[in-house]
Amino acid sequence: MTYTVSKIRRQLLLGMLGGLTMIMAGGIPAVVSAAPIPLRGVVEGFYGTPWQQTERLDILAFCGKHQLNAYIYAPKDDPYHRAKWREPYPADKMAELSSLVQAAKSQNVRFVFAVSPGLDVHFSGLAGYKDKLAMETKLSAMYDLGVRDFAIFFDDIKEKDGKGQAKFLNWLDEHFIKTHPGTASLITVPTEYFFQDMQQNGTMKSYSYDFSTTLSPDILVLYTGEQVVGEGIMDTQLSAADQLYGRKLGIWWNYPVTDYMKNKLALGPIEKLPRQGNIPAIFFNPMEHEQLSKIALATGADYALDPAGYQPQQSWEKAIREQYGVLAPAMQQVAGQSQHLENNWAKVGRPDGAALRKCMDAYWQAAGDSQKQQKAAQEVRQQLESLSQSVQQLQSALPAATLKECQPQLQQLLRIIAADQSGLALLSTHSHKAASSDLRQTFESQLSDVRAHDKEAVISETAARAFLNELAAAAGVQ
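And the structure:
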């Protein structure tokens with residue numbers, strides 16, 4: 001099946017008419033579920049160490065199991081994908097790619113081969129013609145392996161030539177996609193790939209105008225929402241982006257990817273995405289950590305299959321139960337401490353440790369009432385102890401591959417918990433300034449140990465870790 005814009009719209013309409021489930025309740029029809037997003041899957045598009053062959057084979061099986069019907073091969077740090085895009089893959093890599101293509105077919109997953117030529121591609125003159133031929137040769141080699149889905153990405157580059165890029169893509173569409181039987185519509189990501197960068201005060205920027213108006217309507221464009229990494233996309237925001245671009249945009253969603261914050265894990269659910277179900281495609285960008293990415297990816301699959309009826313919390317709990325079995329309670333408790341990612345330009349994911357934070361806030365709010373604060377302190381201790389036991393259970397029973405992905409964060413969480421407990425003990429004395437030197441020294445040592453590992457592992461930032469800073473300030477510990 002090819003995914004031209006007209007076919008996407010037709011498939012969406014048929015899906016909505018045939019896949020919409022209605023229940024008559026007192027003569028009133030109630031919508032239970034809407035059609036799935038037609039093209040839905042995983043894009044291996046992160047910066048950092050690319051997945052290994054075994055991880056890709058595993059994720060393809062995961063996609064098949066969860067009805068994710070596409071996987072985009074686009075690892076930024078694969079030199080033959082980006083920096084050396086003109087060069088053919090070595091024989092051993094071609095053999096690996098061939099195996100992936102066959103594995104994808106066996107799972108009913110479309111293997112989308114992507115190239116990111118934007119660092120040095122030429123669009124005009126003899127150099128431009130040679131680059132068109134070089135790209136055609138690159139894609140032809142993959143076609144011979146059985147690939148029928150292709151993508152060309154122009155994200156994260158300095159040069160912004162909207163017309164040049166669009167004409168390059170149109171040429172490939174005419175000379176390669178339309179001349180090779182069975183190929184699906186070309187997929188692309190522009191250089192201005194999030195809404196706030198596409199326009200200014202409601203007026204489309206020149207690059208986005210040139211790109212969108214020159215690009216063939218048969219080519220599918222992906223964007224990341226309002227920002228590169230944002231809290232979510234409302235239906236009204238997607239509609240505004242579609243109107244601006246003059247076509248239905250697909251979504252490249254940057255969660256659970258953590259390449260901009262590698263010391264933290266994104267273990268929460270996909271959330272706050274459009275509900276109306278009229279999206280042509282959605283791809284979720286994962287972490288380097290393939291095993292741990294599956295929690296969020298499983299919830300993303302549930303969302304993509306039923307955007308209108310999707311329930312993030314229920315989907316998250318189900319994903320953890322299915323993936324971790326008897327360890328699910330422990331994993332749910334720990335994963336709840338590592339959901340939110342935020343820096344000066346990115347913000348996504350649910351708050352970390354909301355229940356724990358509520359208890360900690362109650363502790364501080366009880367200041368001045370010793371009896372009430374003691375009770376609140378006990379509730380905090382109980383939650384910390386339960387969390388510590390969950391961490392230790394995971395450390396002793398997780399599969400080796402999964403444990404390797406999260407061990408730094410688990411160890412740091414244990415350090416934080418121990419320091420929190422000591423800090424509570426220090427403040428529980430009648431006069432913490434006169435407390436035993438041993439207790440104070442223990443807390444200071446534990447605090448120092450946590451700080452020494454902060455750069456390598458981040459977890460429970462606004463809950464257990466923030467509480468530690470609050471305890472230190474209250475105890476007068478620098």
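Counting in the numbering used here, the sequence shown tops out at residue 478, every number present.
Cβ coordinates follow ideal geometry from the N, Cα and C atoms, glycine included.
For this session: Under 7 Å Cβ to Cβ from Y290, same chain only, skipping five residues before and after it: list those, please.
Result: The residue labelled residue 290 in the question sits at position 290 within the sequence shown. What sits at residue 290 in the sequence shown is Glu, not Tyr. The residues are W51, E55, D58, I59.
Exercise. How is F113 classed by DSSP in three states: helix, strand or coil?
Worked result: The residue given as residue 113 occupies position 113 in the sequence shown. The answer is strand: DSSP assigns F113 an E or B state.
Exercise. Can you give the Cα-Cα distance for I8 and S185, rounded to whole angstroms?
Worked result: Taking the sequence shown and counting its residues from 1, the one referred to as residue 8 is at position 8. Taking the sequence shown and counting its residues from 1, the one referred to as residue 185 is at position 185. Its pLDDT being 40, under 50, I8 is placed unreliably in this model, and the coordinates cannot settle the point.
Exercise. For L222, which beta-bridge partners are listed by DSSP?
Worked result: Indexing the sequence shown from 1 puts residue 222 at position 222. In the DSSP assignment, L222 is bridged to G250.
Exercise. Is it buried or exposed for K167, if we count other Cβ within 10 angstroms and need 16 for buried?
Worked result: Position 167 of the sequence shown, counting from 1, holds the residue named residue 167. Buried, since its Cβ has 16 or more Cβ neighbours within 10 Å.
Problem set entry | According to DSSP, residues forming a beta bridge with R40 | Residue mapping note: residue 40 aligns to position 40 of the sequence shown, counting from 1. Per the DSSP secondary-structure output, R40 pairs in a beta bridge with I282.
Exercise. What are the start and end residues of each continuous alpha helix (DSSP H) run of 4 or more residues lying completely inside the region 299-344, in chain order?
Worked result: List check, alpha helix (DSSP H) in window: 312-324, 328-335.
Exercise. Does F443 have its Cβ less than 8 Å from a Cβ in chain C?
Worked result: Going by chain labels, chain C is absent from the structure shown, which holds only one protein chain.
Problem set entry | Secondary structure, alpha helix (DSSP H): runs of 4+ residues fully inside the region 65-113 | Whole alpha helix (DSSP H) segments, 4+ residues: 91-106.
Exercise. What are the residues that DSSP puts in a beta bridge with Q200?
Worked result: Within the sequence shown, numbered from 1, the residue matching residue 200 stands at position 200. In the DSSP output, where bridge partners are listed per residue, Q200 has T203.
Exercise. Roughly how far, in whole angstroms, is the beta-carbon of F195 from the beta-carbon of E159, given that I think they are within contact range, below 8 Å?
Worked result: The sequence position of residue 195 within the sequence shown is 195, counting from 1. The sequence position of residue 159 within the sequence shown is 159, counting from 1. Wrong, their Cβ atoms sit about 21 Å apart, outside the cutoff.
For this session: Kindly indicate which three-state DSSP category V458 falls into: helix, strand or coil?
Result: Taking the sequence shown and counting its residues from 1, the one referred to as residue 458 is at position 458. Residue state, collapsed to three classes: strand.
Exercise. Using the rule of at least 16 other Cβ atoms within 10 Å of the residue's Cβ for burial, across every protein chain shown, is Q382 buried or exposed?
Worked result: For the purposes of this step, residue 382 is taken as the residue at position 382 of the sequence shown. Counting the other Cβ atoms within 10 Å of the Cβ of Q382 gives fewer than 16, which makes it exposed.
Exercise. In its own chain, which residues sit with a C-beta less than 6 Å from the C-beta of A376, not counting the 5 before and 5 after it?
Worked result: Counting from one through the sequence shown, the residue named residue 376 turns up at place 376. The residues are A362, Y363, A366.
Problem set entry | V189, enclosing beta strand (DSSP E) - first and last residue | If you number the sequence shown from 1, residue 189 lands on position 189. V189 -> beta strand (DSSP E) spans 187-189.
Problem set entry | Supposed close pair V189, W253 - CB separation, criterion 8 Å | As a first step, residue 189 is located in the sequence shown; it is residue number 189 there, counting from the start. As a first step, residue 253 is located in the sequence shown; it is residue number 253 there, counting from the start. About 12 Å; that fails the 8 Å criterion.
Exercise. For T442, which of S460, A475, E461, L410 has the nearest alpha-carbon?
Worked result: The sequence position of residue 442 within the sequence shown is 442, counting from 1. Closest in alpha carbon position to T442, among S460, A475, E461, L410, is A475.
Exercise. Per DSSP, I152 forms a beta bridge with which residues?
Worked result: Taking the first residue of the sequence shown as 1, we reach residue 152 at position 152. I152 pairs with V115, T188.
Problem set entry | Straight-line gap, K318 to A354 (C-alpha atoms, nearest Å) | Numbered from 1 along the sequence shown, position 318 holds the residue referred to as residue 318. Numbered from 1 along the sequence shown, position 354 holds the residue referred to as residue 354. The straight-line gap from Cα to Cα measures roughly 19 Å.
Problem set entry | Rounded C-alpha distance that separates A452 from A418 | Locating residue 452 in the sequence shown gives position 452, counting from the first residue. Locating residue 418 in the sequence shown gives position 418, counting from the first residue. Approximately 15 Å, taken between the alpha carbons.
Problem set entry | Which of helix, strand or coil DSSP assigns to V380 | Indexing the sequence shown from 1 puts residue 380 at position 380. Reduced to three states, the DSSP call for V380 is helix.
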